[in-house]
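> With my numbering, the residue at position 23 of the sequence shown is 555, and numbering never jumps. Glycine is no exception: its CB is placed at the ideal position from the N, C-alpha and C atoms. Since the structure is predicted, the reported quantities are computational estimates derived from the model, not experimental observations. Just passing along the structure, written as structure tokens.
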Amino acid sequence: MTDIHGWTLSCRDTGTSTSDLAKAAARAGAATGSAFLLHEQTAGRGRQGRQWASQRGGMYVSVLLYPSSPVAGWFALSFATALAICDVVERHLTEQIRQHDAAARLPVIGLKWPNDVLVDGRKVAGVLLEADGNSLIIGSGINIAAIAPLDHNPHPPIGFADFPGVLPAPEALAKNYLHRLKFYYDTWEQDGFAPLRDLWLAHALHMKQNVTVTIAGRKVTGICDALALDGGLVLLDQSGASHHITTGDVELIGF
533 MTDIHGWTLS
543 CRDTGTSTSD
553 LAKAAARAGA
563 ATGSAFLLHE
573 QTAGRGRQGR
583 QWASQRGGMY
593 VSVLLYPSSP
603 VAGWFALSFA
613 TALAICDVVE
623 RHLTEQIRQH
633 DAAARLPVIG
643 LKWPNDVLVD
653 GRKVAGVLLE
663 ADGNSLIIGS
673 GINIAAIAPL
683 DHNPHPPIGF
693 ADFPGVLPAP
703 EALAKNYLHR
713 LKFYYDTWEQ
723 DGFAPLRDLW
733 LAHALHMKQN
743 VTVTIAGRKV
753 TGICDALALD
763 GGLVLLDQSG
773 ASHHITTGDV
783 ELIGF
């Protein structure tokens, strides 16, 4: 077990999912900040019940938290998680590429609402938040190995292996990710969503850009105008009408 500024990380080879480990830990009375890493998940899952590809070679981590803030504000931790992943991917991928070729082009790394991290327009990570009573489990996966493309996906997967250089170890990614997540978590506990919102907007790829949002099978196209104080996306459609979107899949047009 590794200590990360008061949080702990336990590593195992394989299991159903890191979320299942965190839930079992919660039932056993584990402390806040208890995190679990698996090298392979046999039943990983993502948002909206989707299966999350969890082949060996990725970083799969869940952390158990007991936020002191009201449940209504927990949405902010989705943005905190995306920021932590963005920091870690940018750091490790830059090191990987630069050590291989100091003059090589660096990819564009940024955020897509609500919590996707994109590398050159492709999805490098997945995030799942699961609340249960006074506890919250944040599950995250970062692609290290190359991932086969998915059919009809506007933002297909990408991994560290799609770039030259020596790949990072899952444990190294996990430790740095949890370090950054704890920083953003502590910031939120102390100062609320506002500082996270500002940081997220600084990394957002789609603000003031044309996007298409799919909501329950219906597509709405317009300009991504703002990030609301409740974490919702404000979209101005072609007629000038404003839409406050709290759930849906965003597709960047022409990215």
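Can you name the residues that DSSP bridges to N742?
DSSP output for N742 lists I755 as bridge partner(s).
> Given a threshold of 16 other Cβ atoms within 10 Å of its Cβ, counted over all protein chains shown, does F753 qualify as buried or as exposed?
The amino acid at residue 753 is misidentified as Phe; the sequence shows Thr. By the neighbour-count rule (16 or more Cβ atoms within 10 Å), T753 is not buried but exposed.
> Using DSSP with H/G/I as helix, E/B as strand and the rest coil, what is Y716?
helix
> Buried or exposed: L713, going by 16 or more other Cβ atoms within 10 Å of its Cβ?
With a threshold of 16 other beta carbon atoms within 10 Å, L713 meets it and is buried.
> Just to confirm before moving on: does the CB-CB distance between L596 and A562 stay below 8 Å?
yes
> What three-state label does DSSP hand D652 in the structure shown?
It is coil, neither helix nor strand.
> Would A657 be called buried (16 or more neighbouring beta carbons within 10 Å of its own) or exposed?
For A657, the number of other beta carbons within 10 angstroms of its own is at least 16, and it is reported as buried.
> Touch check for the region 697-715 and the region 728-745: three-plus C-beta pairs under 8 Å?
no
> Pick helix, strand or coil for F607, following the three-state DSSP scheme.
coil
> Here's the rule I'm using: 16 or more other beta-carbon atoms within 10 Å means buried, otherwise exposed. How should L761 be labelled?
exposed
> May I ask which residues mark the beginning and end of the alpha helix (DSSP H) holding F568?
That residue, F568, is in no alpha helix (DSSP H); its beta strand (DSSP E) goes S566 to Q573.
> Any idea if P689 is buried or exposed, counting beta-carbon neighbours within 10 angstroms, 16 or more meaning buried?
buried
> So, for G642: in the same chain, excluding its five sequence neighbours on each side, which residues have a beta-carbon less than 7 Å away from its beta-carbon?
L650, H735, A736 and L737
> Alpha carbon to alpha carbon, how far is D633 from S601? Give it in angstroms, no decimals.
46 Å
> Is the Cβ-Cβ distance between Q587 and F695 less than 8 Å?
no
> For I669, which three-state DSSP category applies?
strand
> Per DSSP, which residues does E783 bridge with? Please list them.
Residue pairing from DSSP places E783 in a beta bridge opposite T744.
> Rounded to the nearest angstrom, what separates K707 and I536 at their Cα positions?
For the pair K707 and I536, the Cα-to-Cα distance works out to about 7 Å.
> From F607, N685 and H624, pick the residue whose C-alpha is nearest to that of T779; which is it?
F607
> Please state if the CB of G653 and the CB of H687 are separated by a distance shorter than 8 Å.
yes
> Whose CA, out of I747, P700, A558 and G749, lies closest to the CA of A663?
A558
> Just to check my reading of the structure: K644 and V782 have Cβ atoms closer than 8 Å, yes? What is that Cβ distance to the nearest angstrom?
6 Å
> To the nearest angstrom, how far is it from the Cα of I676 to the Cα of G589?
6 Å
> Beta-carbon within less than 7 Å of W720's beta-carbon, same chain only, minus the 5 sequence neighbours each way: which residues are those?
Taken in chain order, the residues that qualify are A608, L609, A612 and L728.
> On the criterion of 16 or more Cβ atoms from any shown chain inside 10 Å, does L638 qualify as buried, or is it exposed?
exposed
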